[in-house]
Amino acid sequence: MTPTMRTRPKDEIARLGDEIYERDIRRQVEADHDGELLAIDVDTGNWAVGDEVLDEIDRLRAEHPEAINVYRLRVGYRAVGSLGGGAPPRIG
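Sequential numbering of the sequence shown, starting at 231, is according to this note's numbering.
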């Protein structure tokens with residue numbers, strides 16, 4: 231980590247990630263990547279999609295190794311996963 235980079239609080243990462251997703255990414259991914267995982271670097275807005283757990287982070291960091299404040303979500307859903315089985319709740 232370079233001296234100018236800092237780790238943000240989790241609630242700030244989540245707030246920024248939601249804002250970036252809704253503003254810049256959602257329209258680009260929902261039709262073709264529903265249910266896939268997405269990682270967003272909230273400091274730069276860079277993002278990557280993956281279909282297996284952690285693929286999206288590996289892809290993001292392969293292109294942008296400096297990504298430290300990363301927000302993850304499942305495209306079209308309110309959560310990456312759920313506890314106790316069953317599908318996570320969908321958006322809308």
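We treat Cβ as the ideally placed atom computed from N, Cα and C, and that holds for glycine.
Setting aside the 5 residues that flank it on each side, His294 is surrounded in the same chain by Asp271, Thr274, Asn276, each with a C-beta closer than 8 Å to its C-beta; the list follows chain order. Val279 places its beta carbon less than 8 Å from that of Leu267.
When Glu242, Leu246, Asp262, Asp285 are compared, the shortest CA-CA separation from Gly306 is found for Asp262. Beta-bridge pairing by DSSP links Ile270 to Trp277, Tyr301. Note on geometry: alpha-carbon atoms of Ile298 and Arg308 lie some 22 Å from one another.
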